[in-house]
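Here's the structure, in structure tokens; my notes come after.
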């Protein structure tokens, strides 16, 4: 991490609010690192299992008693909420888990998704999706305190907003026409999907930091934001509540990376990829 430490010192020469000396903490044994050996530790949180339970128990009885529409619906609009788990496999996250009291699982957070789908074939929709997830993590340096033995603290904020357009393919028909004037929805319909678009993102750290060259403490705000291409794969299920309303559940994996700003010199591209699971409701028209 020597290269990263020197680059942090270079960044501290510009925009430093103040600085003061610090001292090292005598080692009491191995310091705990991040959960770098496990891909998605955030899935161990209770939020994930609660979402799975909600999706599996969502209104099956109502689905079986769905009535009919006078015509086949062509538009579906839905909103969902859930849990997002960033992959966090780039150098900036490695630096955080090694030097700060941060685990990768701390970057997991609430996720929100809105979809507008237009039917183009019996089993195919074109879907415009807008999502948002973010996390805020308070931390301190693992191996340094100030001269008063107080922790050197900072706050990290990680925000991702994907905007994508894609195609959703259903594994079987979503309903059937029983006459010229009646369309009856099926109780449930699983699907898979693929899409691409833009990932709008922001990564900020503000608080107190250590200049490794002088062991001085300085206060500063570091930030990096932008928009970059993204792609995703999805799988999910729709459960009919009645002729117009659906309960929905979806798992989505998204790929994206982008360059970081000058505040993070010498770090590689930030990893914006990750997994999310969401449940919600949708209306068809």
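Residue numbers (our numbering): -16 to 268. Cβ coordinates follow ideal geometry from the N, Cα and C atoms, glycine included.
Integer-rounded CB distance, given that residue j should sit under 8 Å from residue i
i           : j           : result
residue 141 : residue 90  : 6 Å
residue 70  : residue 254 : 6 Å
residue 177 : residue 202 : So it is not a contact: roughly 45 Å between Cβ atoms.
DSSP state of residue i mapped onto helix, strand, coil
i           : result
residue 89  : helix
residue 268 : coil
residue 75  : helix
residue 130 : coil
residue 59  : strand
residue 80  : helix
residue 154 : coil
residue 54  : coil
residue 105 : coil
residue 159 : strand
residue 140 : strand
residue 121 : strand
residue 6   : strand
residue 114 : strand
Rounded C-alpha distance that separates residue i from residue j
i           : j           : result
residue 252 : residue 81  : 18 Å
residue 117 : residue 213 : 17 Å
residue 223 : residue 167 : 10 Å
residue 172 : residue 103 : 17 Å
residue 272 : residue 206 : Outside the displayed range of the chain (-16 to 268) lies residue 272, so it cannot be described from this structure.
residue 158 : residue 175 : 17 Å
residue 242 : residue 160 : 51 Å
residue 13  : residue 127 : Because residue 13 sits at a pLDDT of 46, beneath the cut-off of 50, its placement in the model cannot be relied upon, and the following sentence gives the value as read from the coordinates. Cα-Cα distance, rounded: 15 Å.
residue 133 : residue 124 : 11 Å
residue 85  : residue 122 : 6 Å
residue 187 : residue 209 : 12 Å
residue 72  : residue 268 : 42 Å
residue 216 : residue 260 : 12 Å
residue 227 : residue 191 : 53 Å
residue 96  : residue 112 : 7 Å
residue 183 : residue 136 : 27 Å
residue 194 : residue 77  : 18 Å
residue 250 : residue 239 : 16 Å
residue 130 : residue 257 : 40 Å
residue 265 : residue 221 : 9 Å
residue 115 : residue 143 : 6 Å
residue 154 : residue 55  : 18 Å
residue 284 : residue 61  : What is shown of the chain runs -16 to 268, which leaves residue 284 out entirely.
residue 108 : residue 218 : 14 Å
residue 66  : residue 165 : 38 Å
residue 120 : residue 204 : 15 Å
Below-9 Å beta-carbon distance, residue i vs any chain C residue
i           : result
residue 207 : Considering every chain present, this structure includes no chain C. It has just one protein chain.
Endpoints, beta strand (DSSP E) assigned at residue i
i           : result
residue 179 : 171 to 194
Could you tell me which whole beta strand (DSSP E) segments of length 3 or greater appear in the segment 198 to 268? 199 to 223, 228 to 238 and 257 to 267
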